[in-house]
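Data first, discussion second: the structure below is written as structure tokens.
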Amino acid sequence: MNNYVVYSGTYTKQNGDRRTMRFIHTADLPTDLFAEFQRNPKRKMQEGYQLVFDVDRMGFRAFNWNTVEGEVVSQEQSVDFR
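So this is what it looks like as structure tokens:
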């Protein structure tokens, strides 16, 4: 288990639901577990959306920066990807 900068933010999803997500930026993912195309995706996202790795659901998700409520905070935390 290694330490990573984990961000936490709340936003409104397209369906109107509020969602709080704890995530790591894809570029910060470990190279031994994630391929280059996963860490630096070329996928076109809608304006204001960012592909991130959700540490609670252990998968890739889109974070909507357009509808953020309050501040997005960060903290160094230990994360186990296995």
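Numbered according to our numbering, the sequence shown spans residues 137 to 218. The beta carbon of each residue, even a glycine, is placed where N, CA and C say it ideally should be. Bear in mind that the values here come from a model prediction, so they are computed numbers and not experimental data.
Close Cβ partners of residue i (< 6 Å) along its chain, the five nearest in sequence each way excluded
{"i": "Asn139", "result": "Glu212, Ser214"}
{"i": "Asp190", "result": "Met157, Phe159, Arg197"}
For residue i: DSSP bridge partner residues
{"i": "Gly195", "result": "Asp190"}
{"i": "Glu205", "result": "Thr146"}
Residue i classed as buried or exposed, judged by whether at least 16 other C-beta atoms fall within 10 angstroms
{"i": "Met157", "result": "buried"}
Close Cβ partners of residue i (< 8 Å) along its chain, the five nearest in sequence each way excluded
{"i": "Val209", "result": "Tyr143, Ser144, Gly145"}
{"i": "Arg154", "result": "Thr146, Tyr147, Thr148, Glu205"}
{"i": "Pro166", "result": "Asn138, Phe217"}
{"i": "Glu183", "result": "Asn202"}
{"i": "Glu172", "result": "none"}
Min CB distance residue i to chain C below 8 Å
{"i": "Lys149", "result": "Here there is only one protein chain, and chain C is not present."}
Option nearest residue i by Cα separation, candidates the options
{"i": "Tyr185", "options": "Phe199, Gly195, Thr162", "result": "Phe199"}
Beta strand (DSSP E) segments (min. 3 residues) lying fully within the region 150–182: 154–161
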